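Numbering (the UniProt record's numbering), first residue to last: 1 to 391.
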């Protein structure tokens, strides 16, 4: 019996001792979790002189566009090879010819009438001279105009003048049978064929010049302060700001340079915008650097604005919707500061008030800012001109 109880007692004693050790072991003091100091990226800003460009958009249109309208009637006997949709022509080219035979006959008839009028005038002058000689030999007193054949002379001179005017008119109508264009250009549409009988006033084709294209660019009134537009300069055109135009063409973004040449005389009554007209000269000039600026192409436009000193450029994410930015002081504490924002652009925010040279503006790293919180700096560099954070 003793042999059985002894092992049991020893086991119970071991369990009791282990339990006592577990109960009376020293307890570790709980440690308060340490808050992680946020790591932020900053930009050290400096004032800059920046050009305040204005963005707009519009459609390229020909500077000159007219209808081909004949001034005389007749059958079409000639069409210029370029008188097709999309065709080109040069200044002075004959685009359309009307059967000239009737007009050539009219010239011949007018020339014949001039010859007859000259003969009659010469005859009347001879008779007038003879009458004057006879009166001087036999007459007494003052001769009457009829005696000296003056009415007959006046009539003969008038007939000659009328015949000469008929010749000028006949030659003018003959010249109008050949329709010449006063500019180099292109054909938008043709509505006439060989053998067709046409009359004055018929619209036979639509033509436009290729010496320049224009783009009407809408500008909001609050953007006018950034531009040096010819708003009130009488007699001065073509000296407005430069415009950089761009559009996707031929599978790539193409660019053309133009200039503001004038502005509309009043604001658009519907939109409240003022339209500035940009001009691109010689848009069809052969060039390996760019394709032609086609009429009808929709383009983006950046109008060169005035330069303004003392501006700070920040990336858009550095300024919240309340126009506040986070700044870090020399001790590493974060502060919110209200800024005077001049304007927001797609890739930068331009600030005119609220910052000083050397300020460190937070651009990333803080989700919920707390005034006075301690932060760690991951980057401390000068702000780029474009307002974007460095890579």
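A virtual CB, placed ideally from N, CA and C, is assigned to each residue, including glycine. None of these values were measured; they are calculated from a predicted model.
Secondary structure of residue 37 (DSSP, three-state): coil.
Annotation: the continuous alpha helix (DSSP H) that includes residue 153 extends over 150–176.
In the structure shown, residue 334 falls within a strand segment according to DSSP collapsed to helix, strand and coil. Beta-bridge partners assigned by DSSP to residue 252: 249. The beta carbon of residue 284 is closer than 7 Å to those of 210, 292 in its chain, skipping five residues each way along the sequence. Around the beta-carbon of residue 294, fewer than 16 other beta-carbon atoms lie within 10 Å, marking it exposed.
Minimum Cα-Cα distance from residue 193 among the listed residues 75, 38, 64 corresponds to 75. Going by beta carbons, residue 166 and residue 113 fall inside the 8 Å limit. Taking the CA atoms as reference points, residue 266 sits about 7 Å from residue 274. If you ignore the 5 residues before and after residue 363, its C-beta comes within less than 7 Å of the C-beta of 41, 42, 43, 315, 317, 318, 389, all in its own chain and listed in chain order.
DSSP places residue 218 within a strand segment (E or B) once states are collapsed to three. At the C-beta level, residue 341 and residue 334 stay beyond 8 Å of one another. By the Cβ criterion, the region 254–261 is not in contact with the region 67–84, since fewer than three pairs of Cβ atoms, one from each stretch, lie closer than 8 Å.
Under the three-state reduction of DSSP output, residue 287 falls in the coil class, being neither helix nor strand. Per DSSP, reduced to three states, the secondary structure at residue 124 is helical. Under DSSP, residue 197 forms a beta bridge with 75.
In terms of Cβ geometry, residue 97 and residue 178 form a close pair [threshold 8 Å].
By the 16-neighbour rule on beta-carbons within 10 angstroms, residue 298 is exposed. Setting aside the 5 residues that flank it on each side, residue 106 is surrounded in the same chain by 170, 173, each with a C-beta closer than 7 Å to its C-beta; the list follows chain order.
Less than 8 Å divides the Cβ of residue 312 from the Cβ of residue 355. Annotation for residue 180: 92, 93, 94, 95 place their beta carbon closer than 8 Å to its own, counting only its chain and skipping 5 residues before and after. Secondary structure remark: continuous beta strand (DSSP E) runs of at least 3 residues inside the region 256–311, in chain order: 274–281, 298–303. Under the criterion of beta carbons closer than 8 Å, residue 281 and residue 212 qualify as touching, at roughly 5 Å. A check of alpha carbon separations from residue 56 across 132, 375, 224 identifies 224 as the nearest. Out of 64, 102, 78, 357, the CA that lies nearest to the CA of residue 206 is found in 64. A Cβ-Cβ separation of about 7 Å places residue 271 in contact with residue 218 under the 8 Å criterion.
Ranked by how close their Cα comes to the Cα of residue 153, the residues 131, 371, 142 have 131 in first place. DSSP places residue 188 in the uninterrupted beta strand (DSSP E) bounded by 185–190. Cβ-Cβ distances below 7 Å link residue 337 to 324, 325, 327, 354 in the same chain, with the five nearest sequence neighbours on each side left out; the list follows chain order.
A residue is called buried once 16 or more other Cβ atoms fall within 10 Å of its Cβ, and residue 81, having fewer, is exposed. Rounded to the nearest angstrom, the Cβ distance from residue 304 to residue 51 is 7 Å, consistent with a contact under 8 Å. Assigned with DSSP and collapsed to three states, residue 131 falls in helix.
Each of 176, 240, 79, 371 was checked against the Cα of residue 104, and the nearest Cα belongs to 176. In the structure shown, the three-state DSSP call for residue 70 is coil.
CA-CA distance, residue 158 to residue 151, rounds to 11 Å.
Pairing residue 278 with residue 222, the inter-Cα distance amounts to about 19 Å.
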